[in-house]
Every structure is written in structure tokens, then in C-alpha cells.
Amino acid sequence: MSESKEQKNKFTLGQKLKGHFILTRPQQLLWLDIFGAMGFYAIIARHVPTFHYLLFILCAVIADAGACTINDVGDQESDCRSKEPSRRKRPLCTGVVSRKTAKKQAYVLYAIGLILALYLDFFVFLAALFLILLSHQYSMKPLKMNSRHIISQFFWIGFGLLYYFAIFAYLFRYETIPMENYYFGLYFLVALILFMAMAETLAKDLRDLENDRAGGKITTPAHFGPKSAAVVSFIFSVFGLLFWATPYFTVYDTHLVLKGLIMLIVVLWNILCFFLCKSIYRNYTKGKARKLHKGFILTFTMVLTLSFLAGVL
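Residue numbers for the sequence shown follow the numbering used here, so the first one is 15 and each next one is one higher.
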């Protein structure tokens, strides 16, 4: 029996299925696609999402599951070099899922997502198609944008604009919404771009700095150094949260309790972010960068949750 066959046979069916599930990164699908789609809907439509909108969310989740899977394929070398167990024990690194099978999984998920998008609306389909093409080139050659400094940040700007266009296309067809509400959604997008596309992605790249360098990926922190990346991440974090919070105190009719929670998140996270970035600036360690990145994800989830509540209450 060949070595590859022995490698395949040493894993149970349950382990293989779990590996395929892990490749989709269910946590990211939750905080980015589900919470993100719900937040945008509430900001623009100003009411609880309809049951039909769940089809849009399902489309986003399935398509992004394909993008997450292909990202594991593109990041296999750097993940396997990582000192962080959660990276080093990814399914492709352990061999529980083969590279070839992972690609097949990604393309099947892409196809299902596109079929759902076409069912919803032609313009939703176009947005989904370009999102998939962009996400594929984020992880794979020839562009492999996540290995290029600065470009990896600009990818998320393009991703955010296309994602917003997909939501706009859906709502324009299925809802009757004043045009000014779409401007509120666009403002919300800019705040998320500042906070996530710029600040959070720098924190993610700081977390992966060592294995990215080992794998030959020249990310923004790898090119400019962790000190510069930590400073810029903090600056964009402050501006992103302030930009997000301002309308809830000036334009929107926001419940007093929600105003208090919004202010609490802005103050607490920026204080915590300042000390984490200051510590990384003085002495970079992977552990500190991991805390910073996980803090961004948690804060972003709370931002989306409060945005949803403020939109529907």
C-alpha cells in the first residue's frame, strides 16, 4: 500500500467530515456573514429581516465557506510552519483532508452559492461572482493578494463594496426603502472598512507574522515591521469606532441603553487596543498579537450586534 493511501486510511470518516467542516471556518461565517448581513439589513431597512432574507444570508454563508476553504489551500505552507497549534493543526496540515479534495469542496460551495444568488436576483449573482473571483485571488496565484503588503488591506475594501452592492441589489428588488437609508448603509460600510479592512487585518497579519515570513508571504507587517503595523492598527481602530458610533448620537433615534453600550464598547476597546498595541510596539510576541486579533473579532461582533439592535428597536 502506498504512503498516500496509508495517510488517507488512518483517519476515520468522522475525522474527515470534521476536517471538511473546519475548512469552512464556521466562526468566521457566524461573525462576518450572518452578523454582518443582519447588521446591514437593520441599518438600511430599519426593521427585523424577513424570512426571505435568510436565503440571501445562506447564499453569503455558502459562498464564503468556499472562500475560506480555498484560503486554507493557499495558506497551507505558512499554516504548517506556524507555532500556533490552531494554525499548525488545520486539516490540510494534518492530512485529514487532501489539497485536491479541499479544492473540490471550495468549487462545489462556490457553485451552490452562485446558483442561490442567481435565484435571488441577477445583480446579486453578479456581485457574488465578482466576490468569489476576488476571494479566490486573495488566496491563490497569480495575484495571491494576502501575500502582498498593502494590497491585502485594499482587498477588503473591494470585498466590502461588492458585499454592499449585493445587499443593495437584494433590498432594491424585494423591499421598498427610502434612498437615504442606503446612504446610511454606505456610511456604515465605511466605518467597517476603517475598523476591519484596515485595523483588524493588520492585527491578523501581526498574529501570523512569523509563519508568514517563514512561508515567504510579504504582508504589510512583514514589510514595514510590527511596530509600524501596531501603530497604524490602533489609529484605524480609533477612527473606525468613532466613525461607526457618531450617527447613533447625532442622526439616529437610538435607545438610551444602546447609546450607553455603544459608548462603552468604543471606550473600553480603544483603551485595551492602545495597551495591546503599545506592548507589541515595545516587544512583539505572537501571543500579544493573538490577543489583539481576537479582541478585534469580539469587538466587531458586538458592533454588528448593537447595529442590528439599534436598527430594529
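Note that beta-carbon positions come from the ideal geometry of N, C-alpha and C, so glycine has one too.
Exercise. Leu320: buried (16+ other C-beta within 10 angstroms of its C-beta) or exposed?
Worked result: buried
Exercise. Which residues in the same chain have their Cβ closer than 8 Å to the Cβ of Ile219, if we skip the five residues on either side of it in sequence?
Worked result: Sequence inspection shows Asp at residue 219; the Ile mentioned does not correspond to that position. Result list for Asp219: Ser166, Asp226, Thr233, Thr234, Pro235, Ala236, Ala243, in chain order.
Exercise. What beta strand (DSSP E) runs, 3 residues minimum, are completely inside the stretch 119-182?
Worked result: none
For this session: Tell me, please, which residues DSSP counts as bridged to Ile232.
Result: Arg162
For this session: Have a look at Ser329 and Phe263 and give me their C-alpha separation to the nearest angstrom.
Result: What is shown of the chain runs 15 to 327, which leaves residue 329 out entirely.
For this session: Kindly say whether Val246, judged by its beta-carbon, lies nearer than 8 Å to any beta-carbon of chain C.
Result: Given the protein chain composition of this structure (a single chain), no chain C is represented.
For this session: Alpha carbon to alpha carbon, how far is Phe198 from Tyr133? Give it in angstroms, no decimals.
Result: 27 Å
Problem set entry | Three-state class that DSSP yields for Lys103 in the structure shown | coil
Problem set entry | Residue environment, Leu160, which counts as buried when at least 16 other CB atoms sit within 10 Å | The amino acid occupying residue 160 in the given sequence is Asn; Leu does not appear at that position. For Asn160, the number of other beta carbons within 10 angstroms of its own is at least 16, and it is reported as buried.
Exercise. Can the beta-carbon of Cys287 be found less than 8 Å from the beta-carbon of Phe322?
Worked result: no
Exercise. Could you check where the alpha helix (DSSP H) with Gly109 kicks off and where it finishes?
Worked result: Run containing Gly109: none; DSSP gives neither H nor E here.
Problem set entry | Distance between beta carbons of Phe257 and Ala11, contact taken as under 8 Å | The structure shown does not extend to residue 11, since the chain is modelled only from 15 to 327, so the question has no answer here.
Problem set entry | Inter-residue spacing [alpha-carbon to alpha-carbon] between Tyr152 and Ala77 | 14 Å
Exercise. With a CB to CB cut of under 7 Å and the five nearest residues on each side skipped, what residues in its chain are close to Leu72?
Worked result: Only residues of its own chain outside the window of five on either side were considered, and among them Leu130 have a CB closer than 7 Å to the CB of Leu72, listed in chain order.
Problem set entry | Leu72 - containing alpha helix (DSSP H), residue span | 67-88
Exercise. Does DSSP put Gly309 in a helix, a strand or coil?
Worked result: Gly309: helix per DSSP, three-state reduction.
Exercise. Taking just the CA atoms, how far does Tyr184 sit from Met193?
Worked result: 14 Å
Exercise. Taking Cβ to Cβ, would you say Phe209 is nearer than 8 Å to Ser251?
Worked result: Yes; because the gap between Cβ atoms is below 8 Å, this pair is in contact.
For this session: Using three-state DSSP, classify His34 as helix, strand or coil.
Result: helix
Problem set entry | Alpha carbon of Tyr124 to alpha carbon of Arg296, nearest angstrom | 43 Å
For this session: Could you say which of Leu223, Leu255, Tyr177, Asp222 lies nearest to Ala213 if we only look at CA atoms?
Result: Leu255
Exercise. What is the C-beta distance between Ala74 and Ile191, in whole angstroms, given that I count them as a contact (C-beta under 8 Å)?
Worked result: Contact flag wrong, Cβ pair sits at about 19 Å.
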